[in-house]
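Protein chains: 2
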Amino acid sequence: MARGRPAPPLELGHDGSVAVRRPPTILDVASRARVSKSTVSNVVRGLPGVSDETRRRVHSAIKQLGYRPNVLARQLVQQRTNILGVVVGDLANPFFAEMAKSVERHAAARGYTAMFCNTEGDSQSELAGVETLLEHRVAGIVFLAFSGESRVMRDALRHQVPVVFVSCHEDWGDVVTVDDVKGGRLATRHLIDSGHRRIAYLSIPELEDRSDHSRHTGYREEMAAAGLRAGMRISWSPPSDLALVDGVEMRLRDVFDGPDRVTAVFASNDVAGIDLQEFADRFGLRVPQDLSVVGFDDVPMAGLARIGLTTISQPRDELAKLGITTIIERIERKLKGPPRLTLIRVSLVERASTSRLAVLPKVRTATKRTS
Amino acid sequence: MARGRPAPPLELGHDGSVAVRRPPTILDVASRARVSKSTVSNVVRGLPGVSDETRRRVHSAIKQLGYRPNVLARQLVQQRTNILGVVVGDLANPFFAEMAKSVERHAAARGYTAMFCNTEGDSQSELAGVETLLEHRVAGIVFLAFSGESRVMRDALRHQVPVVFVSCHEDWGDVVTVDDVKGGRLATRHLIDSGHRRIAYLSIPELEDRSDHSRHTGYREEMAAAGLRAGMRISWSPPSDLALVDGVEMRLRDVFDGPDRVTAVFASNDVAGIDLQEFADRFGLRVPQDLSVVGFDDVPMAGLARIGLTTISQPRDELAKLGITTIIERIERKLKGPPRLTLIRVSLVERASTSRLAVLPKVRTATKRTS
DNA sequence: ATAAAATCTTGTAACGTTCCAATCCAGTAG
DNA sequence: CTACTGGATTGGAACGTTACAAGATTTTAT
């Protein structure tokens, strides 16, 4: 039995015209413009080889009917969407929030929409998120954080979806990130130049990744260059007072107390740095008099007078823009060949959480020299 | 001429098995399980009326082939996706960032994915964003901010997509928000109880919406109840010093100077409150001694010791959860009838940016009493 | 034993595009 | 007048599902 499309319900437009509720399809346009659906399709997609007269007729039919191509049908036949999957560690983290916003904006500007997956740095969620994205046939995936889980990698590769790592670093896929090693060196150099000798490196376990690792490398390099002991690597989950220091669990406050105490910390990111400041505030340590802190990222709040966190600034918007450009070129086959690595310069922003010897109060200078 | 599907390229798996690159379709599963594709579809969708034996066979075929339903095809036939559009004012704003994260999480937990549109509070972007979402046939739209533009409204309605307003307020569509009027009263009451008399209301023009309006109403009500002049409404775009005070442009610093100066401000949201604190810091006003500030939202950073912003706390996660639940029920037709309004309680969180008379230094009390 | 009912299974028609080989047609060369 | 050329146009086959009426099979009731 023939079960053709049921007669579309009619409705009266406010101007009295009779309109069809069901949105017009390419066929409606075709019959109105007295051409085939193929021609309409060609016009809509702006392909060459359509006469001006025909093009005009089709455009006018489109306008009259208020036709909008059905993305879903297009996606089915092309087996692809114009959605970019974005894997982000923590949307509530100010750094990621800024990046997410930039990524969304640049993607939208180029005709793509963003679909976010929050992973909480958990490789299990990351895997699930990537699965979902692939299921939705996203055109490509932007990683704003990557846990390093290999299964995820394999999956993305198997499905042959372009992948770009922005502000994170992997061996496969295009990478757009800052020179983390350089940043780590800048931060550490700044502390050394300020007279500090016992400088620790701080990271938050949940956020440890290859960026973190590179920053740590920069730290170690610079410490070595200055003939200093690479100091301590502190891994800490706020608001606990218990930290993992070089793999040994100890009370964070003890790290900053006593004759061998740490006088400065290079935090692998601003959130960690601000958390540490908060810790210092609560435990009566003055910043920078008792403890200097340098962060990484330069999130907006680091610039508040009350926070005043010295930090390494990343050009977030540039990262996002380059990342989007890269993946879109990959998607549209304008960029071929092996994965491309783009490194962007970082810079130090000095604020109140550190201060140079020249402007330090005498007391502090003395304190430091004895440390 | 018959143009049947070309033979799929073969590849050798690492275990030596011969695999087909092209992902298996429902037909592959059907032939392997020796049933029709309809039955496979029924099994996949978990419909009743399939014998256990058949179900088992189909499941095993699915597993062997690694079959995953093609979402795109499903979407085409159903003319619907399982994507939730989320319209957000500013992803980089900590409040929205938190909400976005919660929304994404709850949506994912219920099998939906989130597609975000950042609007910058600009009704033009909002319109474009909603268009994009509708083009992608999202199952519903969650507004985390709404500019009040009527064209957007009409569009969403015309397409008959369920809509929910979370933490914002509109007349049409379901609404899940906090009692903004009550919040405004709580904040204002707190300032009045602390001894303030000249209390201003502050908002940031870009973020002004109906929530803002309701909070202002709460402020006016409470001021009136206390027999106080409703004071001033300050509209300010940081970091400028020029503010619109009751519609008149004047220097912000003058507002807090002189005999008639404002001693306390209720900021319509934390970002505004923190911006004001920053302003105060830069212009040498002490908080809370010279100026008390109450915010709204209780964003995470408001709780930092260095910020210590007294504020009205919104249960963000609850809002997000209820919002998602509501719209999904709407989508799945479990919730019928007229739009539903859900109001959630707010509470005051006291921090350092205000302090009660009892604990105020004498000076400040005196200062305040003379104001 | 047979009819009726219940359960399970299936064939076919959508869904609205894109893609491409084939066709059409006007103009041009031989 | 015929053959050819090349641009404009077209018809129909995909794309991989879901929806649904109809068919097949088994069970129950009479």
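In order, the protein sequence lines correspond to chains A and B.
Residues 142 to 512, numbered by my numbering, are exactly what the first sequence covers, in order.
Residues 142 to 512, numbered by my numbering, are exactly what the second sequence covers, in order.
Glycine included, C-beta positions come from ideal geometry on N, C-alpha and C.
Remember, it's a predicted structure, so these values are computed and weren't measured experimentally.
| task | Output the boundary residues of the beta strand (DSSP E) element that contains V244 of chain B. | result | The count along the second sequence starts at 1 and reaches residue 244 of chain B at position 103. Segment P235 to A250 is the alpha helix (DSSP H) holding V244 of chain B; no beta strand (DSSP E) there.
For N259 of chain B, return the contacting residues in chain A, with the cut-off set at a CB-CB distance below 7 Å.
As a first step, residue 259 of chain B is located in the second sequence; it is residue number 118 there, counting from the start. The answer, in chain order, is K242, E245 and R246.
**Prompt:** Are G478 of chain A and V283 of chain A touching if we call contact CB-CB under 8 Å?
**Reply:** Mapped onto the first sequence, residue 478 of chain A falls at position 337. Mapped onto the first sequence, residue 283 of chain A falls at position 142. Cβ distance not < 8 Å, so G478 of chain A and V283 of chain A don't count as in contact.
DSSP state of G518 of chain B, grouped into three classes? Lying before the first or after the last residue shown, residue 518 of chain B is absent from chain B, which here runs from 142 to 512.
For A248 of chain A, which residues of its own chain have a beta-carbon under 7 Å away from its beta-carbon, when the five flanking residues on both sides are left out? Sequence index remark: in the first sequence, residue 248 of chain A carries index 107 (1-based). Contacts found: L225, T254, A255 and I465.
| Taking only beta-carbon atoms, is R278 of chain A less than 8 Å away from chain B? | For the purposes of this step, residue 278 of chain A is identified with residue 137 of the first sequence, where counting begins at 1. Taking Cβ atoms only, chain B reaches closer than 8 Å to R278 of chain A, which makes this a yes.
* Asked: What do you reckon, are the CB atoms on A443 of chain B and L450 of chain B nearer than 8 Å?
  -> Position 302 of the second sequence, counting from 1, holds the residue named residue 443 of chain B. Position 309 of the second sequence, counting from 1, holds the residue named residue 450 of chain B. A contact, by the Cβ cut-off of 8 Å.
>> Short of 9 Å Cβ to Cβ, which residues in the segment 352–382 of chain B face chain A?
In response: none
>> Please report whether the beta-carbon of I468 of chain A lies at a distance below 8 Å from any beta-carbon of chain B.
In response: Numbered from 1 along the first sequence, position 327 holds the residue referred to as residue 468 of chain A. No, its Cβ sits nowhere closer than 8 Å to a Cβ of chain B.
> Run through DSSP, which three-state label would F306 of chain B get?
Replying inline: The residue you call residue 306 of chain B lines up with position 165 of the second sequence. If DSSP states are grouped into helix, strand and coil, F306 of chain B belongs with the strands.
field: Buried versus exposed call for R492 of chain B [16 or more other C-beta atoms within 10 Å across all chains shown]
entry: Within the second sequence, residue 492 of chain B is the residue found at index 351, counting from 1. R492 of chain B should be labelled buried.
Practice problem: Confirm, please, whether the CB-CB distance from Q216 of chain B to L168 of chain A is below 8 Å. | Solution: In the first sequence, residue 168 of chain A corresponds to position 27, counting from 1. In the second sequence, residue 216 of chain B corresponds to position 75, counting from 1. Cβ distance not < 8 Å, so L168 of chain A and Q216 of chain B don't count as in contact.
- Query: Using a beta-carbon distance below 8 Å, is R423 of chain A in contact with chain B?
  - Reply: Here residue 423 of chain A is taken as the residue at index 282 of the first sequence, counted from 1. For R423 of chain A, the answer is yes, since a Cβ of chain B falls inside 8 Å of its Cβ.
Would you say I448 of chain B reaches chain A, if we count a Cβ-Cβ gap shorter than 8 Å as a contact?
Translated into positions along the second sequence, residue 448 of chain B becomes position 307. So yes, I448 of chain B belongs to the interface.
Given 7 Å as the limit, tell me if L188 of chain B has its C-beta closer than that to any heavy atom belonging to the ligand PLP.
Among the components of this structure there are no ligands whatsoever, and the ligand PLP is therefore not found.
Helix or strand or just coil, what does DSSP make of Y360 of chain A?
Position 219 of the first sequence, counted from the first residue, corresponds to residue 360 of chain A. It is helical.
Neighbouring residues, chain B, relative to T451 of chain A (Cβ below 8 Å)
Numbered from its first residue, the first sequence carries residue 451 of chain A at position 310. Those within 8 Å of T451 of chain A in chain B number zero; the least Cβ separation is about 15 Å.
G495 of chain A touches chain B at which residues, Cβ-Cβ below 7 Å?
Stepping through the first sequence from its first residue, residue 495 of chain A is reached at position 354. Note on identity: in this sequence residue 495 of chain A is Thr, with Gly being the wrong assignment. Those within 7 Å of T495 of chain A in chain B number zero; the least Cβ separation is about 16 Å.
Q. Are the C-beta of P429 of chain B and some C-beta of chain A separated by less than 8 Å?
A. For the purposes of this step, residue 429 of chain B is taken as the residue at position 288 of the second sequence. Not closer than 8 Å to any Cβ of chain A, the Cβ of P429 of chain B fails to qualify, so no.
Chain-ordered neighbours of E239 of chain A on chain B, where CB pairs are closer than 7 Å = Reading the first sequence from its first residue, position 98 is the one you call residue 239 of chain A. Neighbours of E239 of chain A on chain B, chain order: A233.
- Item | Extent of the continuous alpha helix (DSSP H) run through L285 of chain B | For the purposes of this step, residue 285 of chain B is taken as residue 144 along the second sequence, with counting starting at 1. Careful: L285 of chain B lies outside any alpha helix (DSSP H) and carries neither H nor E.
Q. Taking the C-alpha atoms as reference points, what is the distance between G324 of chain A and F257 of chain A?
A. Indexing the first sequence from 1 puts residue 324 of chain A at position 183. Indexing the first sequence from 1 puts residue 257 of chain A at position 116. Distance between the alpha carbons of G324 of chain A and F257 of chain A: 28 Å.
(message) For M294 of chain B and L285 of chain B, what's the separation of their Cα atoms in angstroms?
(response) Along the second sequence, read from residue 1 onward, the residue named residue 294 of chain B stands at position 153. Along the second sequence, read from residue 1 onward, the residue named residue 285 of chain B stands at position 144. Going from the Cα of M294 of chain B to the Cα of L285 of chain B covers about 14 Å.
**Asked** Out of curiosity, what's the CA-to-CA distance linking G262 of chain A and E470 of chain A?
**Response** By 1-based counting over the first sequence, the position of residue 262 of chain A is 121. By 1-based counting over the first sequence, the position of residue 470 of chain A is 329. One C-alpha to the other measures close to 28 Å.
Q | At least 3 beta-carbon pairs within less than 8 Å: the segment 373–388 of chain A vs the segment 303–313 of chain A | A | no
field: D320 of chain A in three-state terms, based on DSSP
entry: Here the question's residue 320 of chain A lines up with position 179 in the first sequence. Residue state, collapsed to three classes: coil.
Subject >> Given V406 of chain B as reference, the closest of B:R374, B:A384, B:G425 and B:D422 once Cα atoms are compared >> reply: Walking along the second sequence from the start, residue 406 of chain B turns up at place 265. Closest option to V406 of chain B, Cα to Cα, is B:R374.
| Residue burial classification, A238 of chain A (beta-carbon count within 10 angstroms, cutoff 16) | As a first step, residue 238 of chain A must be located in the first sequence, where it is residue number 97. By the 10 Å Cβ count, A238 of chain A comes out buried.
Tell me which same chain residues have a C-beta within less than 8 Å of the C-beta of H300 of chain B, skipping the five on either side of it?
For the purposes of this step, residue 300 of chain B is taken as the residue at position 159 of the second sequence. Counting only Cβ-Cβ distances below 8 Å, and skipping sequence neighbours, we find L275.
Let me check understanding here. Comparing Cα to Cα, which of B:P210, B:P164 and B:K462 lies closest to V181 of chain B?
For this step, residue 181 of chain B is matched to residue 40 along the second sequence. The shortest C-alpha separation from V181 of chain B is found at B:P210.
Original post:
Since L383 of chain A is in the alpha helix (DSSP H), which residue starts that stretch and which ends it?
Top reply: Residue 383 of chain A sits at position 242 when you count from the first residue of the first sequence. Premise fails: L383 of chain A lies in the beta strand (DSSP E), L383 to V386, not in any alpha helix (DSSP H).
*Applying the criterion that 16 or more other CB atoms from any shown protein chain within 10 Å of the CB defines a buried residue, is A366 of chain B buried or exposed?*
The count along the second sequence starts at 1 and reaches residue 366 of chain B at position 225. Its Cβ having fewer than 16 others within 10 Å, A366 of chain B is exposed.
If the cut is a Cβ gap below 8 Å, which residues of chain A does T166 of chain B touch? Sequence index remark: in the second sequence, residue 166 of chain B carries index 25 (1-based). Within 8 Å Cβ-Cβ: nothing; T166 of chain B doesn't reach chain A, min ~11 Å.
Item to complete: Check N410 of chain B in the structure and name its three-state DSSP category.
Response: Here residue 410 of chain B corresponds to residue number 269 of the second sequence, with the count starting at 1. In this structure, N410 of chain B counts as coil in the three-state DSSP scheme.
Would you kindly check if the distance between the Cβ of L460 of chain B and the Cβ of T467 of chain B is under 8 Å? Taking the first residue of the second sequence as 1, we reach residue 467 of chain B at position 326. Taking the first residue of the second sequence as 1, we reach residue 460 of chain B at position 319. Contact flag unset, no.
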